[in-house]
Amino acid sequence: MRPPRLAEWLFNKYCGDANVDDLRGDLEEVFKRNVREKRNAKLIYWRQALSLIVSYAVRKRKKNASPHHYSAANPLAMFGNYLKVAYRNLLRHKYFTILNMAGLAIGMSISLLFITLFSTVFDYDEYHVNKNNIYRVISHTSEGKDFATVPAPLGDKLREEYPGIKEVIHVDRKLYSEEPLPKQNLPMFGYFTDPAFLTTFTFPLVAGDPKTALNDPRSVVLTQTLAKKIFGDVDPMGKTINLNAGAYQVTGIMKDYAANTHFTFQALAPYSAIVDTFHKESVHEAWSKLDYHYVYLLLDDGHDIAALQKYLDRTAAEIYKDIPDFKATFELQAMGDITPGPELEQSGPQWSYMSFVIAGGLGLLILLPACFNYTNISIARALKRSKEIGLRKTLGGMRRQIFAQFIAETVIVTVVSLIGACAIFFVIRGEFLSMLVHAPALDLSLTFERFLYFLLFAIGTGFVAGFFPAMHFARLNPIDAIKNSAPAKVFSAMMLRKVLVVFQFTLCLTFILGLVIFNKQYRYAMSFDLGFADENILDVDLYQVNPDLVTNEFSKLSFVQNVSMSSGVMGHGVPSTWTSLEGRSDSTEVFYMHVDGNFIKNMDLKLLAGKTFEPTRNGETSVIINETLMKRFNFAGPSEAIGQNVNVDTLTLSIIGVIKDFHFWQLHAPPGNFFFRSNPEKFRIANVKITSTDVQGSLEELERTWKKMSNGSLFTAKFLSDETAAAFDSYISLLKIFGFLGLLAISISCLGLLGMVVYTAESRTREVGIRKVMGASRISLAYLLTKGFLKLMLIASLFAVPLTMLFNQMLLGQEYYRVAITFLDISLGLVLMFALGIGTMASQTWKTASINPAETLKYE
Amino acid sequence: MKTYLGEFEELVLLTIATLGDDAYGVAIKDSIEQRCERSISIGALHSTITRLEEKKFLRSWMGGATAERGGRSKRFYEITKDGKEALATAKSLRDELWAESKINLSLQK
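What follows is the structure, encoded as structure tokens:
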């Protein structure tokens, strides 16, 4: 065994030329003895080496070994000088300093947001005491999809057959119910899970015993918030609530858990309550379903993952040997790899690695241009400081010292900009949170730790922004520098500047074009014919009021044309289930809604064949399928489907109608498999079609009628057309995000451009004066000063257009229905950018071109 | 008073004296650790040794290389005349104080 290399290297590096052979010997001797006698020899070596590094002994020996009295004495003294020079320089060129800092502050603000975001998401699920021993089993199907779920029987199989597992915990996400409260129904959701859930994961109870709370099949554990909503201030323990299948008794109240976990639930009920439903399925069927059913494993310390994984591989091969149409393999996923983790189906809202890459990429896209501005302006102004550098070099300043000086100067700028960035960060934080689905789980407050990250980030940014200028200065030849005759090198620097400007404007233009296209897509989606009429339909929440009563009472009103019932809002997300044709085993996922007989007419849906539902009292008997499902079942035409039976859950329903496809979800994809069912118990919403033009009056009339029959339930009504529009919120938030980022990118680019133009104008005032004396007009002078930049902007547009096409493909690619980009859209974007660029430049160039030449030339 | 001798400095000087010809870094460290039952870091020890050398209480020379130290040599220390004087001053100061103590410092009753 040898001493830790890093410590050794560090020590040798620190000591340099000093004579420390005996000290190294001492270190090694002690280490060798410790290896024999103690367990933590390496750690002790580290401690000893560090104690020597900070000791007086080594400092003294270094001093003795150094060639000059001062050189090893106080490396900080020179930094003091750099700071002073930097400070004076920044003050002297206030205009550029402000431009630079504003740009960097804007550029860094968005990154600060992402840094906070990352640090939050990396804390996910960290609070579980057993986190290192918990694994989730995930599935990969032969179709190439990855699921966070597993077939239901896998858990039991593991429990019975594999000895080394402490706990197998089923988590089934199908617990969903609405608790009827006097004012309005309270939706609640949660898991059916094993009793060990409470002991394995760290979710403490404030009432009830975690070991026994879920033992009884009719028990339920609620979170504090939910319990409070249902029972108010009454002690909920021992009370009963109704879930999907009967009455459950509250046996535990859970402390509201921190939201930074991948679990989301309000209630936990025992898995034993639903386990019977799985026994009804054939083995074949049960192993072919990945249906919101998760399995978590608690392993012993020192568990053997490889062996368990091998067992899972073997099991999968064995099980699926006999199942022809479904194949899957299983994999263990450590608790720490869930969030952030790979993208999985049925995992609920998650932070995947991909979203991280995108967020980080966006942050960089905004940050880099700000850094480039700094780089650009610094290099452009290099000439003005070359005398100072020449002098430093002549007096013995070494390359790396000059380099350090300019890096230090940049770091000062970025750290000061950090203040501005923090201010912007505080302003945009709220808006950002409101745009995200995961928002409630995110804590974006500024802690000390995060502030340290910010500081590190600012210093890092300083390195990035200052690297090129520092390299440039460090390489200067002192003779050229003092003579102020910049040699050929400046050309390469000019080239670099041009590349950076082109990059910025490409980015800027891409954002502008992106905005134009998104806007167009949004308008297109808003006016898209969804296949049903959403005008003049008022959706009224039923709560516990009898649907028949509502239909009768509302129909009596003169302005009500029609009343229908449905289980959900049209076009607003629908539940799914699995179905198969009677006598066939292959099941299909199908989306559904419960509606009554009036619904189809009310929504202007088109029946291709068959008839609508009859009012019934005998429970569910029939379905109306859509065209897509008809084709999925391989019927040649609508009439052929009528009269056939399908299996849904435990029911057998006959097909009584076929309906033309309509868009029951958003425009990501064409309509999928869908059918209407008709179970009056599931009705939640009355769809009232009104004809009156006096909306306010009709609403009041409806409310009066409602009050008479509702037992005090609230009257909540929304126009379907408004709700449909609300479904496009995702577009709006995308537009907002994109618009905001675009705004940042554009302002940074304009700041950069302004800096460059100011510099050009300043350094060419004499030339402009002479030209003016010779008779040049203002306009031709302004053109002279801007034409270089205009050329760069033109080149940028050559890059930006194809880039936009590419991004459009990527971003809107998931939308099945999307608009085409036309020449007009692109020209609009180009005109916008050129207007911005020319506007920015004009203010400065016009000023320069207008100066009286006598002013600029009189000092010659 | 010539130069003040700290407690640890005195300890190091006396330990070097007890080690005779074998007074080098690790030996000094071990000896002090054994006798005082306290653990000291190499850095602290060498800082003190360096200060003692600056005060001319110690003289040092490099010895031969040894295998157990990865082929690196030892630096041996020896007390100088000044060192002896400083020790003597310290001791006589203590003896004096012991002798003049007004209470009985002896632990035996």
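Top line first, the protein sequences correspond to chains A and B.
All residue numbers for the first sequence refer to the numbering used here, where the first residue is 1 and numbers rise by one.
All residue numbers for the second sequence refer to the numbering used here, where the first residue is 1 and numbers rise by one.
Glycine residues also receive a C-beta, built at the ideal position from the N, C-alpha and C atoms.
If you're wondering where the values come from, they're calculated on a predicted model, not measured in any experiment.
Short CB-CB distance (under 8 Å) between residue i and chain B
i	result
A:GLY25	yes
A:LYS60	yes
A:GLU8	no
A:LEU52	yes
A:ASP21	yes
A:ALA488	Confidence is the limiting factor: at A:ALA488 the pLDDT is only 48, short of 50, which leaves the residue's position unreliable, though a coordinate-based value still follows. By this cut-off, A:ALA488 is not an interface position.
Rounded straight-line distance, which links the Cα of residue j to that of residue i
i	j	result
A:ALA41	A:SER51	15 Å
B:ALA27	A:PRO469	54 Å
A:PRO153	A:MET188	26 Å
A:LEU268	A:ARG218	11 Å
A:ALA306	A:VAL648	40 Å
A:GLU409	A:THR97	11 Å
A:GLY739	A:LEU444	22 Å
A:LYS631	A:VAL574	20 Å
A:SER678	A:SER622	7 Å
A:LEU299	A:LYS13	45 Å
A:THR856	A:VAL757	18 Å
A:TYR45	B:SER39	14 Å
A:HIS293	A:ALA286	11 Å
A:SER615	A:ASP586	Note on residue identity: the sequence assigns Pro, not Ser, to residue 615 of chain A. Going by the C-alpha atoms only, they are around 31 Å apart.
A:LEU513	A:ASP337	37 Å
A:ARG450	A:PHE425	13 Å
A:VAL862	A:THR375	Nothing can be reported for residue 862 of chain A: it is not among the residues displayed for chain A, which extend from 1 to 860.
A:ARG5	A:ALA49	11 Å
A:PHE532	A:LEU720	11 Å
Alpha helix (DSSP H) segment containing residue i, residue limits
i	result
A:TRP578	From DSSP, A:TRP578 is part of no alpha helix (DSSP H) but of the beta strand (DSSP E) over 576-581.
A:GLY25	21-37
A:PRO369	353-380
A:LYS145	Neither: A:LYS145 is in no alpha helix (DSSP H) and is coded neither H nor E.
Start and end residues, beta strand (DSSP E) containing residue i
i	result
A:HIS170	165-179
A:PHE675	674-677
A:TYR191	186-193
Sub-8 Å separation of residue i and residue j beta-carbons
i	j	result
A:VAL560	A:ASP539	no
A:ALA258	A:TYR453	no
A:ILE690	A:SER698	yes
A:LYS606	A:ILE659	yes
A:LEU871	A:GLY190	Past the boundaries of the shown model lies residue 871 of chain A; chain A is included only from 1 to 860, so the question cannot be answered.
A:SER654	A:ASN645	yes
A:PHE192	A:PRO270	yes
A:GLY103	A:ALA370	yes
A:SER352	A:GLY341	yes
A:MET254	A:PHE203	yes
A:PHE728	A:ALA525	yes
Own chain partners of residue i with C-beta closer than 7 Å, once the 5 adjacent residues on each side are dropped
i	result
A:VAL168	GLY155, LEU158, ARG159, VAL295, LEU297
A:PHE406	GLY466, PRO469, ALA470, PHE473
Chain A contact for residue i (CB, 8 Å cutoff)
i	result
B:ALA23	no
B:ARG72	yes
B:SER47	yes
B:VAL12	no
B:GLU7	no
B:SER31	no
B:SER41	yes
B:ASP68	Looking at the sequence provided, one finds Glu at residue 68 of chain B rather than Asp. Chain A, which has a Cβ nearer than 8 Å to the Cβ of B:GLU68, makes this yes.
B:ARG59	no
B:ALA88	no
B:ARG35	no
B:MET1	Confidence in B:MET1 is poor, its pLDDT being 44 and thus under 50, which makes the residue's placement too unreliable to answer from.
Contact set for residue i: own chain, Cβ-Cβ below 8 Å, skip 5 residues either direction
i	result
A:LEU651	GLU620
A:GLY246	ARG218
A:ALA488	In this prediction, A:ALA488 scores a pLDDT of 48, lower than 50, which makes its location untrustworthy; no coordinate-derived value is stated.
Residues near residue i in its chain [Cβ-Cβ closer than 6 Å; skip 5 each side]
i	result
A:ALA849	ARG778, LEU781, ALA782
A:GLU331	ILE138
B:MET1	Only weak support exists for where B:MET1 lies, its pLDDT of 44 falling under 50; the coordinates are left without a value.
CB contact check: residue i to chain D, cutoff 8 Å
i	result
B:GLY83	Chain labels in this structure do not include chain D; the protein chains are A and B.
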